[in-house]
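First comes the structure, then the notes that go with it.
Structure (structure tokens):
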């Protein structure tokens with residue numbers, strides 16, 4: 004018998020694959036079929052779909068934080084490049100997922116949406132430290148970092164709260180990259 008942690012990881016990885024194929028409306032039957040395991044086994048780890056989604060939100064954000072750590076530790080990147088990458092980081096396993104459907108969370112699963120908001124608003128220490136370092140180095144204009152954080156969060160929250168990406172046929176990754184470019188190019192010191 005596998006450990007609960009191994010099963011948990013296997014199930015969460017399965018959710019990513021099933022979400023890629025079926026979107027947010029996938030069923031536990033879809034997940035069990037994809038994983039080749041019984042729903043009973045899934046329910047040993049997750050008592051319901053809501054609990055699974057809550058854990059998935061944390062899993063996704065923890066993966067993002069791990070990717071951010073790798074960016075910060077990359078000695079080949081300038082501070083400005085690190086800021087650009089850290090704001091636009093998305094783990095490889097999530098890059099091919101259609102995240103445009105996430106706006107459904109706010110209406111159908113408000114408690115899960117609340118968890119997404121909470122995770123968006125926390126864990127900014129590395130990013131803030133990079134912006135402060137960029138200001139000290141003279142690579143970033145002196146800006147109100149709280150304002151930058153609010154602008155970024157508000158943009159991402161729009162993706163999660165409205166069908167704006169679907170209506171405008173914009174992929175989440177493309178929208179995220181454009182927002183990052185606008186923010187970073189707006190605060191970066193330009194060489195004359």
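Numbering (my numbering), first residue to last: 4 to 195. Glycine included, every Cβ here is placed at the ideal spot set by N, Cα and C.
Annotation for residue 56: the continuous alpha helix (DSSP H) segment containing it runs 52-75. DSSP places residue 132 in the helix class (H, G or I) of the three-state scheme.
Following the DSSP letters along the chain, one finds residue 113 inside the alpha helix (DSSP H) bounded by residues 113-124. Apart from the 5 residues on each side of it in sequence, residue 154 sits with its Cβ closer than 8 angstroms to the Cβ of 186 in its chain, given in chain order. Distance from the CA atom of residue 87 to the CA atom of residue 45, rounded to whole angstroms, is 38 angstroms.
Closest by C-alpha distance to residue 89, out of 192, 41, 139, 180, is 180. Shown here, residue 143 sits in a strand according to DSSP, grouped into three states. For residue 177, the enclosing alpha helix (DSSP H) has its first and last residue at 175-190.
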